[in-house]
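Everything on this sheet refers to the single structure shown next.
Number of protein chains: 4
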Amino acid sequence: MATDVLAALRQEVLEANLAIPQVGLATLTWGNVSGIDRGAGVFVIKPSGVPYKDLTADDLVTVRLSDGAVVNGDLRPSTDTETHRCLYLAFPSIGGVTHTHSTHAVAFAQARRDIPVLGTTHADTFNGPIPVTRDLTAEECAQDYEYNTGHVIVDLLAGDDQRAVEVPAALVAGHGPFTWGASARKSLEHAIICEAVADIALHTLSLSPTAPPPPHLLNRHYTRKHGPDAYYGNPDPAVATR
Amino acid sequence: MATDVLAALRQEVLEANLAIPQVGLATLTWGNVSGIDRGAGVFVIKPSGVPYKDLTADDLVTVRLSDGAVVNGDLRPSTDTETHRCLYLAFPSIGGVTHTHSTHAVAFAQARRDIPVLGTTHADTFNGPIPVTRDLTAEECAQDYEYNTGHVIVDLLAGDDQRAVEVPAALVAGHGPFTWGASARKSLEHAIICEAVADIALHTLSLSPTAPPPPHLLNRHYTRKHGPDAYYGNPDPAVATR
Amino acid sequence: MATDVLAALRQEVLEANLAIPQVGLATLTWGNVSGIDRGAGVFVIKPSGVPYKDLTADDLVTVRLSDGAVVNGDLRPSTDTETHRCLYLAFPSIGGVTHTHSTHAVAFAQARRDIPVLGTTHADTFNGPIPVTRDLTAEECAQDYEYNTGHVIVDLLAGDDQRAVEVPAALVAGHGPFTWGASARKSLEHAIICEAVADIALHTLSLSPTAPPPPHLLNRHYTRKHGPDAYYGNPDPAVATR
Amino acid sequence: MATDVLAALRQEVLEANLAIPQVGLATLTWGNVSGIDRGAGVFVIKPSGVPYKDLTADDLVTVRLSDGAVVNGDLRPSTDTETHRCLYLAFPSIGGVTHTHSTHAVAFAQARRDIPVLGTTHADTFNGPIPVTRDLTAEECAQDYEYNTGHVIVDLLAGDDQRAVEVPAALVAGHGPFTWGASARKSLEHAIICEAVADIALHTLSLSPTAPPPPHLLNRHYTRKHGPDAYYGNPDPAVATR
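What follows is the structure in structure tokens.
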């Protein structure tokens, strides 16, 4: 049974990784998605530096949540593995993590600016701006750099799991976006939306440097898709997952 | 006979919805097209939150114009259904409605700026700027939000059917474009053109913040494609519809 | 023999028209290419408003150069036919004409700004800025509008065939680019390059509002591809045409 | 054996050239990649002006490093061949060279601005800004123009092979990017990354005209991928090369 769960997880993580170049979020081998099996205490992640076109389920690496040890797989896991692990440890609601270098989200990360909430496209998914972290210190870069990359995100959200659920994305300053969600697939969806809203925000800011829409509009959009009063989508699981 | 009409309508609405991602106007499941059979008093619309790649004619939902009741279909209709219904009720000339979150049109909607008429590409289709609505009030967001989203468009056009025919598009402030036309297919075409002229307008404004072309040029382009003296295209219906 | 020439011309014009959407220069049915057989005194052009995906060689329309009469074809020729005819009459070196509404070139046309020579990418093909015409007058719009659209281009170049050869493109103010060349295929190539240099120029101007490169560099690039000392490409016709 | 080496080199150079349009870096026939066999004292390069879709291994031209003579091939080599040869002679670590006219990198070249290091996406590959050369003089344009195009790059790097290894790219002022690497394939990868970081940099600068990230972050990213302490990727050659 545990094996079956893990096989399904590997398949979902594979598909989410293969989707990164298909949706235009990756250059070369950049980007990675992981998904966690909290019952088994492990997560599955893309190997480091393998071209997407060659990636198979067998290439994925299984990593232990508690200490980062590789428990299955012949290849070295993504260099960003420790960032994923840090986020999984800090935020219990997270089931998947995606990291990309998508053009417009990286531009905000490099400019050290939050992606502001400028409309309903953003509010449909993110209940607030997509925030940018502080810079890592020289010490944080010298030692456990990748784990500390997760740490500045945890710092940014004050370790608050509910904030991580409501705004499932952050920009690491000078680096790029990390997104997460209830599953690997949802974390990828959030990466796609993060890039889309960054693209639209850049154009909006060029037309109108300050353009905050009314909060009641944004709140309406967030709540019609999330929480107890959500009415977007179809409840049929066969539809929801296909 | 009515059934045949409806079957043809379903097919047209299906194809128009499937075209949204093909022409690059959609992210994930965003966007929807509907088409109306005024004789039968119903319109056909995309279900809520179903991925385009899985969408079939059977998934489409038939909604009654008079009260919004679902009269056919197993799935929940698009959350934007009431907006479509409001537009159909207000403007008798409308045969189809399209809503997207296309990047450049949304940028204008978020900046609360009309898409100005800057050249013949715009004037070929739209006889004036593509206007942006006022913000919805807190009350309009709290109750019947989606119907009120249509209502602010109707307000913007003072409920004038002829204005809706001449400028078959509007931007809902802080949200995005709604377009319409004589059929579902035409409403989609207007969504494509709305996005194209928004894209070109953004570049034009970066080169020249104010660049209005002479009205006689714009008028010539609109009238050579529309109205009694139109001479664009080919009258052969086999050509026009294929 | 004349029939064979015309059959080859129709095929080239068809392929050039079909390439417009393939290279991303067209939205919907926008854009058209023609090619001329000066011996026969006719040119072949796309019909008006036919979707590219349905276009066949049989749909193309043959038009007499001297008076614009349709001499072959069941469909109405492009509304822009008279513009093509005006250019063919004014510039004897022209063998093909292309018109598009490509995004970045249209932005310059709408902003009424020449596309300046900012580097060798431009100078490889165009021996000077791509100029923008004056506005058409109200009279020129009211009568023979499409022919007058060609006329303002001829005006802009002072009817000088050699200038048309050296800078095979112009922007009609408030409208968009027309390009031409020794053949239909070359006119299409110039449309592709016109759009590419407009795109690069927009980015260049955002980085550096005035950035003229040294004339000797530009001249070197133009002359290594054009004129008696050209050494770009391969002389083998089999290579040149495949 | 030497023949086998050369056959493998031709295949790699062919694939790298064919990848240029696939990754969106080329317009028409623009762009070229070469690879060198230093043992044999020759390099293999794309012929001049041949469309990518028609390019075969047999079309590639083999050129002698010492004097630029064509030693194999029926077609004229790329007009940029002497630029490649100059770079191979100056920098012994170089195994491949790529030249493109990719949109955003050309914009920086035309604006005569270095592509600044604005984040880790850049620092992962380039250990410093991608610098822009001085203008070529009128004399350098008049005689041996293409060789001198390489010369201004060598000048820019003070002929320092180690600098060429650490920042494997330069922008020729008013022209565009040249990139290089240990192999033809790596030089192409650097062309792809050069364009990606130029694109992101343009957006970053529009959000924040000056946004230098901390040097320790950039250094960490460069050193985790390059040099003795690199830990990115997988050592398995089967993985690395597939």
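Chains as they are written, first to last, in our numbering: chain D, 19 to 260; chain W, 19 to 260; chain G, 19 to 260; chain Z, 19 to 260.
Here a beta-carbon is modelled for each residue, glycine too, at the ideal position from N, C-alpha and C.
Inter-residue Cα distance where the pair is residue i and residue j
{"i": "A37 of chain G", "j": "A202 of chain G", "result": "11 Å"}
{"i": "T259 of chain W", "j": "R238 of chain G", "result": "Confidence at T259 of chain W is low in this model, with a pLDDT of 35, below 50, so the placement of that residue should be treated as unreliable; the coordinate-derived value is given next. Cα to Cα, the separation comes out at about 51 Å."}
{"i": "A187 of chain G", "j": "I148 of chain G", "result": "6 Å"}
{"i": "D179 of chain D", "j": "A200 of chain D", "result": "12 Å"}
{"i": "G146 of chain Z", "j": "E184 of chain Z", "result": "8 Å"}
{"i": "L223 of chain D", "j": "G177 of chain W", "result": "32 Å"}
{"i": "I133 of chain W", "j": "L107 of chain W", "result": "25 Å"}
{"i": "H122 of chain D", "j": "P39 of chain G", "result": "26 Å"}
{"i": "L154 of chain W", "j": "G168 of chain W", "result": "10 Å"}
{"i": "R152 of chain Z", "j": "P69 of chain W", "result": "52 Å"}
{"i": "R16 of chain D", "j": "V150 of chain D", "result": "This structure does not reach residue 16 of chain D, given that chain D is present from 19 up to 260, and the question cannot be answered."}
{"i": "L27 of chain G", "j": "P65 of chain G", "result": "15 Å"}
Beta carbon proximity, residue i to chain Z, threshold 8 Å
{"i": "C159 of chain D", "result": "yes"}
{"i": "P232 of chain G", "result": "yes"}
{"i": "M19 of chain D", "result": "Since pLDDT at M19 of chain D reaches only 42, below the 50 mark, its modelled position is unreliable, and the value read off the structure follows with that caveat. For M19 of chain D, the answer is no, since every Cβ of chain Z falls outside 8 Å of its Cβ."}
{"i": "S52 of chain D", "result": "no"}
{"i": "G194 of chain D", "result": "yes"}
{"i": "L36 of chain D", "result": "no"}
{"i": "P65 of chain D", "result": "yes"}
Residues of its chain near residue i, where Cβ-Cβ distance is below 6 Å and the 5 sequence neighbours each way are ignored
{"i": "I194 of chain D", "result": "Checking the sequence shown, residue 194 of chain D turns out to be Gly, not Ile. Hits under 6 Å: H119, V124 and A127."}
{"i": "Y165 of chain D", "result": "E100 and C104"}
{"i": "S96 of chain Z", "result": "N50, I63, K64 and S66"}
{"i": "A219 of chain D", "result": "I133 and L136"}
{"i": "A182 of chain Z", "result": "F109 and L175"}
Neighbour flag for residue i against chain G, beta carbons, 8 Å
{"i": "G228 of chain Z", "result": "The question names Gly, yet the displayed sequence has Thr at residue 228 of chain Z. Answer no: the Cβ-Cβ gap between T228 of chain Z and chain G never drops below 8 Å."}
{"i": "T197 of chain Z", "result": "no"}
{"i": "L235 of chain W", "result": "yes"}
{"i": "V140 of chain Z", "result": "The sequence shown places His at residue 140 of chain Z, not Val. Output row for H140 of chain Z: interface = no."}
{"i": "H119 of chain Z", "result": "yes"}
Own chain, CB closer than 8 Å to residue i, minus 5 neighbours either side, in chain order
{"i": "A248 of chain Z", "result": "T241 and R242"}
{"i": "D254 of chain G", "result": "Its pLDDT being 48, under 50, D254 of chain G is placed unreliably by the model, and the measurement read from it follows with that caveat. The answer is none, since no qualifying residue turns up."}
{"i": "V23 of chain G", "result": "D55, G57 and A58"}
Residue i at chain W interface by Cβ criterion, 8 Å
{"i": "A187 of chain G", "result": "no"}
{"i": "E207 of chain D", "result": "yes"}
{"i": "R238 of chain D", "result": "yes"}
{"i": "I148 of chain D", "result": "no"}
{"i": "I210 of chain D", "result": "yes"}
Cβ-based burial, residue i [other Cβ within 10 Å; buried from 16]
{"i": "G343 of chain W", "result": "Look at the range of chain W in this structure, 19 to 260, and you will see that residue 343 of chain W is not part of it."}
{"i": "K71 of chain G", "result": "exposed"}
{"i": "S111 of chain Z", "result": "exposed"}
{"i": "D173 of chain D", "result": "exposed"}
{"i": "T21 of chain D", "result": "exposed"}
{"i": "A34 of chain D", "result": "buried"}
{"i": "L32 of chain G", "result": "buried"}
{"i": "E30 of chain W", "result": "buried"}
{"i": "G192 of chain D", "result": "buried"}
{"i": "E157 of chain W", "result": "exposed"}
Chain D contact for residue i (CB, 8 Å cutoff)
{"i": "Y249 of chain Z", "result": "yes"}
{"i": "S224 of chain Z", "result": "yes"}
{"i": "V183 of chain W", "result": "no"}
{"i": "D217 of chain Z", "result": "yes"}
{"i": "H221 of chain Z", "result": "yes"}
{"i": "R28 of chain W", "result": "no"}
Under 7 Å from the C-beta of residue i: neighbouring residues of chain D
{"i": "T101 of chain Z", "result": "Within chain D, no residue comes near T101 of chain Z; the closest Cβ sits about 25 Å away, beyond 7 Å."}
{"i": "R242 of chain Z", "result": "T97"}
Check: residue i C-beta below 7 Å from any heavy atom of the ligand ZN
{"i": "L236 of chain Z", "result": "Looking at this structure, you won't find the ligand ZN or any other ligand, since it has none at all."}
Where residue i meets chain B, residues with beta-carbon distance less than 7 Å
{"i": "A214 of chain Z", "result": "Any reference to chain B falls outside this structure, whose protein chains are D, W, G and Z."}
Contacts that residue i makes with chain Z (C-beta to C-beta distance below 9 Å)
{"i": "P134 of chain D", "result": "Per Cβ cutoff of 9 Å: no residues; P134 of chain D is ~11 Å from chain Z at best."}
Proximal residues to residue i (C-beta, below 7 Å), its chain only, five neighbours per side dropped
{"i": "S52 of chain D", "result": "V31, F61, V62, I63, H102, G114, V115 and A202"}
{"i": "D98 of chain G", "result": "N50, H117 and E164"}
Contact set between residue i and chain G, taken where Cβ atoms lie within less than 8 Å
{"i": "G137 of chain W", "result": "V124, A127, Q128, G192, H193 and G194"}
{"i": "A156 of chain Z", "result": "P232 and H234"}
Beta-carbon neighbours of residue i, restricted to chain W and to distances below 8 Å
{"i": "Y106 of chain G", "result": "Residues of chain W passing the Cβ test: none, with the nearest at roughly 21 Å."}
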